[in-house]
Amino acid sequence: MSGAPWITLLTLLPLAGGVAALITRSARAARWISAAFGGAALLLTIALWHSFSPASGILQFQERHAWLPALGLEYHVGADGLGLLMLALSAIVVLMSIAASWKNEEHGALYYALVLFLEAGLFGTFTALNFVHWFLFWELSLIPAFFLVRLWGGPARARAATQFFLYTMVGSVALLLAFLLLFLATGSFDFIDLAGLARNGQLSGLLAQNLHWPGWSGDEIAALICCGAFLGFAVKVPVVPFHTWLPSAYAEAPSSTTMLLTGAMSKMGLYGFLRVLLPIFPAQMQHLQTPLLWLAVASIVLPAFAAWAQTDLKRIFAYSSINHLGYCLLGICAVLRVTGANTALAAEKAAAMNGVLLQMFNHGLTAAALFWFVALLERRSGGLRGLDDFGGLRKAAPVFCGLMGIALFSSLGLPGLNGFPGEFLIFKGSFPLTPRAASISVLGLLMTAVFLLTILQKVFSGPLSERWAAFPDLTTAERALLLPALALMLVLGVYPQLILSLVNGTALQLVSQLRF
1 MSGAPWITLL
11 TLLPLAGGVA
21 ALITRSARAA
31 RWISAAFGGA
41 ALLLTIALWH
51 SFSPASGILQ
61 FQERHAWLPA
71 LGLEYHVGAD
81 GLGLLMLALS
91 AIVVLMSIAA
101 SWKNEEHGAL
111 YYALVLFLEA
121 GLFGTFTALN
131 FVHWFLFWEL
141 SLIPAFFLVR
151 LWGGPARARA
161 ATQFFLYTMV
171 GSVALLLAFL
181 LLFLATGSFD
191 FIDLAGLARN
201 GQLSGLLAQN
211 LHWPGWSGDE
221 IAALICCGAF
231 LGFAVKVPVV
241 PFHTWLPSAY
251 AEAPSSTTML
261 LTGAMSKMGL
271 YGFLRVLLPI
281 FPAQMQHLQT
291 PLLWLAVASI
301 VLPAFAAWAQ
311 TDLKRIFAYS
321 SINHLGYCLL
331 GICAVLRVTG
341 ANTALAAEKA
351 AAMNGVLLQM
361 FNHGLTAAAL
371 FWFVALLERR
381 SGGLRGLDDF
391 GGLRKAAPVF
401 CGLMGIALFS
411 SLGLPGLNGF
421 PGEFLIFKGS
431 FPLTPRAASI
441 SVLGLLMTAV
451 FLLTILQKVF
461 SGPLSERWAA
471 FPDLTTAERA
481 LLLPALALML
491 VLGVYPQLIL
501 SLVNGTALQL
511 VSQLRF
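Encoded structure:
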């Protein structure tokens with residue numbers, strides 16, 4: 001597949017589909033258009049995956065063209081194992097979201113157009129290698145997400161959408177200011193060029209020489225810029241304490257939209273840590289390792305306790321999402337530890353980084369599936385989703401209970417399902433590198449088991465109320481749509497090498513950029 005602009009084509013596909021969906025003005029036609037373009041994007045992503053050479057871990061399928069050279073602007077895109085993994089996740093989650101909203105008559109042509117525009121923003125974010133180009137797509141994903149929550153959300157959708165927008169915009173401003181300072185000092189917006197300056201030890205010198213901040217050394221300026229960029233990414237994940245927008249946004253958004261927010265958009269922040277912060281600010285990130293590590297622990301433990309205190313299923317899964325992404329930050333912080341020439345610990349760093357990449361994908365798949373089941377539950381119950389609203393549903397809907405149980409046990413990290421390998425690798429690497437933090441983080445695993453098993457007990461076990469005696473089980477069509485996602489959970493649980501073979505080279509490349 002060499003030579004052709006495949007990355008550009010992949011980004012344009014959902015944009016074209018979104019325009020086509022708008023033009024039709026027919027909800028039925030827009031549904032089929034979104035499914036067709038979303039399916040085409042997934043097929044092209046699979047083709048790129050098949051053509052990718054994973055061993056080197058370097059960027060491939062690169063396209064680089066002059067745009068506005070005087071301003072340091074280029075059209076520069078490409079993908080490595082990390083980028084391809086996020087492209088595949090985004091394409092899968094978008095199709096799951098479209099399927100989950102298929103029977104919702106309130107979702108017209110505009111809804112499906114916004115979903116495709118959001119997908120284009122995700123694709124651009126995960127492939128752009130020039131900050132300005134990347135930032136345009138970063139913001140492009142925010143706009144449709146805001147309107148999906150604001151126009152089709154629940155009773156408190158206006159407040160939730162505004163809070164989501166404001167938090168994300170604050171993070172975006174921090175990112176913009178950080179990279180403007182980098183450009184003023186280096187004359188470049190290109191991620192690869194900036195990483196090269198950092199690798200050669202030139203970045204701090206250029207910051208001190210060209211910014212002329214009295215009393216500030218180049219290393220201090222670099223640390224400040226790194227903190228600004230971290231803020232922008234931390235809001236998106238989100239990392240505690242920048243998470244307060246998330247529970248309301250996830251709860252008020254339509255469940256099919258929440259699938260996009262948790263399954264794909266939350267990975268944008270983690271992607272920024274790995275694509276931007278680690279390569280461009282390796283020394284600064286390692287100096288900040290200790291406070292970041294305890295933020296990771298807080299992001300694991302506190303949301304787990306918060307989830308236990310909730311009765312709304314969507315809020316439970318919202319806090320659970322923060323908790324699971326906290327494990328990714330724990331793995332990144334473990335990799336940041338300076339260990340010296342210790343080959344055994346170097347191997348643990350590689351394990352932790354592979355676990356982070358695997359967890360990013362597996363969380364996106366499982367979290368999207370859980371919110372899909374919430375959508376199916378709401379459709380059958382007239383919008384109810386409280387733990388105390390149900391009971392004994394396994395007697396009325398055994399297939400529903402069994403399939404949702406797979407997703408719940410995957411989120412729990414049960415061996416044999418996809419939630420286990422990533423968390424195992426993260427803890428395998430974290431315990432030797434950061435033993436105290438990893439030990440405390442186990443409390444998050446225990447609390448996750450408590451609140452997920454509580455869901456099984458209260459919703460599906462116990463006596464069946466007369467109110468739900470006629471609760472309909474999953475239809476044949478619903479089972480057919482759900483089974484591919486659930487089958488992938490099983491496959492990745494027993495054969496995680498399917499993903500690890502793609503990302504291991506990239507994981508090693510990311511680790512090699514840090515000072516051992």
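Counting from 1, one number per residue, gives the positions in the sequence shown under UniProt numbering. Beta carbons are placed, not taken as given, at the ideal position from N, Cα and C, and that holds for glycine. If you're wondering where the values come from, they're calculated on a predicted model, not measured in any experiment.
Neighbour-count burial assignment, R275, 16 or more Cβ in a 10 Å radius:
buried
Ends of the beta strand (DSSP E) at W67?
Q60 to L68
Distance, P254 Cα to W152 Cα:
6 Å
Would you kindly work out how many angstroms separate the C-alpha atoms of G154 and C227, rounded to a whole number?
Counting only the Cα atoms, C227 lies some 35 Å from G154.
Exposed unless 16 or more other CB atoms sit within 10 angstroms - verdict on A352
buried
Once the 5 residues before and after A66 are set aside, which same chain residues still bring their CB inside 7 Å of it?
E74
Taking DSSP's pairing of strands, which residues face Y75 in a bridge?
H65
Test item: CB-CB of T257 and V149 under 8 Å
Going by C-beta atoms, T257 is nearer than 8 Å to V149.
Contact check, A318 vs A368 under 8 Å by CB: the rounded distance?
About 13 Å; that fails the 8 Å criterion.
Taking A145 as the reference, which of A158, S26 and H133 has the closest Cα?
A158
A253 - DSSP class collapsed to helix/strand/coil
coil
Alpha carbon to alpha carbon, how far is P247 from N200?
If you draw a straight line from the Cα of P247 to the Cα of N200, it comes to about 42 Å.
Quick check on N210: buried or exposed, where buried means 16 or more other Cβ atoms within 10 Å of its Cβ?
exposed
For E466, count the other beta carbons within 10 Å of its own beta carbon; 16 or more makes it buried, fewer makes it exposed. Which is it?
exposed
With A147 as the anchor, note down where its alpha helix (DSSP H) starts and where it stops.
The sequence shown places Phe at residue 147, rather than the Ala named in the question. F131 to W152 is the extent of the alpha helix (DSSP H) around F147.
Check for me: the alpha helix (DSSP H) holding S501 runs from which residue to which?
Following the DSSP letters along the chain, one finds S501 inside the alpha helix (DSSP H) bounded by residues Q497 to S512.
On a CA-only basis, which of L370, A470 and Q289 is nearest R380? Give me that one, please.
A470
Could you tell me the distance, in whole angstroms, from the CA atom of A88 to the CA atom of T45?
6 Å
Residues bridged to A128 [DSSP beta-bridge criterion]:
V77
Where Q497 and V132 are concerned, what is the direct C-alpha to C-alpha distance, given to the nearest angstrom?
35 Å
Beta-bridge partners of D312, as assigned by DSSP:
For D312, the pairing in a beta bridge is given by DSSP as G386.
Pick from I280, L71, L270 and L118: whose alpha carbon is nearest that of L184?
L71
Nearest-angstrom Cα distance between V94 and A234?
Note on geometry: alpha-carbon atoms of V94 and A234 lie some 23 Å from one another.
Validate contact between the stretch 289 to 305 and the stretch 432 to 440 using beta carbons, cut 8 Å, 3 pairs:
yes
Are the beta-carbon atoms belonging to A397 and D312 less than 8 Å from one another?
No, the pair does not count as a contact, with Cβ atoms beyond the cut-off.
Flag this pair as yes or no: are the beta carbons of T11 and T162 separated by less than 8 Å?
no
Nearest to T506 by alpha carbon, out of Q60, L42 and S34?
Distances from the CA of T506 to each of Q60, L42 and S34 were compared; the closest alpha carbon is that of Q60.
Evaluate contact between the stretch 12 to 25 and the stretch 104 to 118, counting only Cβ atoms and requiring at least three cross-stretch pairs below 8 Å.
yes
Return the Cβ separation of G355 and L425 in integer angstroms, given the expectation that the two are a contact with Cβ distance under 8 Å.
3 Å
How should V442 be labelled, buried or exposed, when 16 other C-beta atoms within 10 angstroms of its C-beta is the threshold for buried?
exposed
Mind checking which residues open and close the alpha helix (DSSP H) that includes S188?
No alpha helix (DSSP H) contains S188, which DSSP labels as neither H nor E.
By DSSP, does W213 sit in helix, in strand, or in coil?
coil
With DSSP collapsed to three states, give me the class of L375.
Here the sequence assigns Ala to residue 375, which means Leu is not the residue at that position. Looking at A375 - three-state DSSP - the assignment turns out to be helix.
Taking one C-beta from the stretch 258 to 278 and one from the stretch 396 to 416 each time, how about it: are there three or more such pairs within less than 8 Å?
no
Assign S512 to one of two classes, buried (16 or more other C-beta atoms within 10 Å of its C-beta) or exposed (fewer than that).
exposed
Among F400, W102, A347 and F147, nearest to P432 - alpha-carbon criterion
A347
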